[in-house]
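Heads up, the sequence shown is in the numbering used here, so the first residue is 90 and it goes up one at a time.
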Amino acid sequence: MFVVLLKFSENKGLAQQYMAGHKEWIDAGFNDGVFALVGGLQPNAGGGILAINTTRDALEERVRRDPFVEHGIVTPDIIEIAPARTNGQLAWLTQ
Numbered sequence: 090m091f092v093v094l095l096k097f098s099e100n101k102g103l104a105q106q107y108m109a110g111h112k113e114w115i116d117a118g119f120n121d122g123v124f125a126l127v128g129g130l131q132p133n134a135g136g137g138i139l140a141i142n143t144t145r146d147a148l149e150e151r152v153r154r155d156p157f158v159e160h161g162i163v164t165p166d167i168i169e170i171a172p173a174r175t176n177g178q179l180a181w182l183t184q
């Protein structure tokens, strides 16, 4: 499992120009079964993704294709987590 942090850079002002492509990229991640959750980093600092069913190499390649990454709007940071314990609602993460 991976947490992907997409932190806004000094090019944040270009986000609206590439938002449609970024949303399509997110949709593809969900359709491919890789993205389990996406959301905003608060306050207005970028975005975060919970990624599953993938390898680090494949995820790095996917993240490179995000229009926000391609155009320097966000800086990505990929963190790998090996879940060891969860509450009942998240038990699927340790299966």
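For glycine and all other residues, C-beta sits at the position ideal for the given N, C-alpha and C. Fair warning: this is a prediction, and the values are worked out from it, not measured in the lab.
Run of the beta strand (DSSP E) containing residue i, from where it starts to where it stops
i: residue 146; result: That residue, residue 146, is in no beta strand (DSSP E); its alpha helix (DSSP H) goes 145-153.
i: residue 169; result: 163-169
i: residue 123; result: First-last for residue 123: undefined, no H or E at that position.
Range covered by the alpha helix (DSSP H) that runs through residue i
i: residue 113; result: 104-120
Contact set for residue i: own chain, Cβ-Cβ below 6 Å, skip 5 residues either direction
i: residue 95; result: 135, 136, 163, 165
Residue environment, residue i, which counts as buried when at least 16 other CB atoms sit within 10 Å
i: residue 128; result: exposed
i: residue 119; result: exposed
i: residue 114; result: buried
i: residue 147; result: exposed
Rounded C-alpha distance that separates residue i from residue j
i: residue 97; j: residue 159; result: 13 Å
i: residue 157; j: residue 108; result: 8 Å
i: residue 179; j: residue 121; result: 20 Å
i: residue 111; j: residue 154; result: 9 Å
i: residue 177; j: residue 183; result: 11 Å
i: residue 125; j: residue 149; result: 16 Å
i: residue 102; j: residue 161; result: 11 Å
For residue i, three-class secondary structure by DSSP
i: residue 177; result: helix
Nonlocal neighbours in the same chain, by C-beta distance under 8 Å from residue i, ignoring five residues either side
i: residue 174; result: 183
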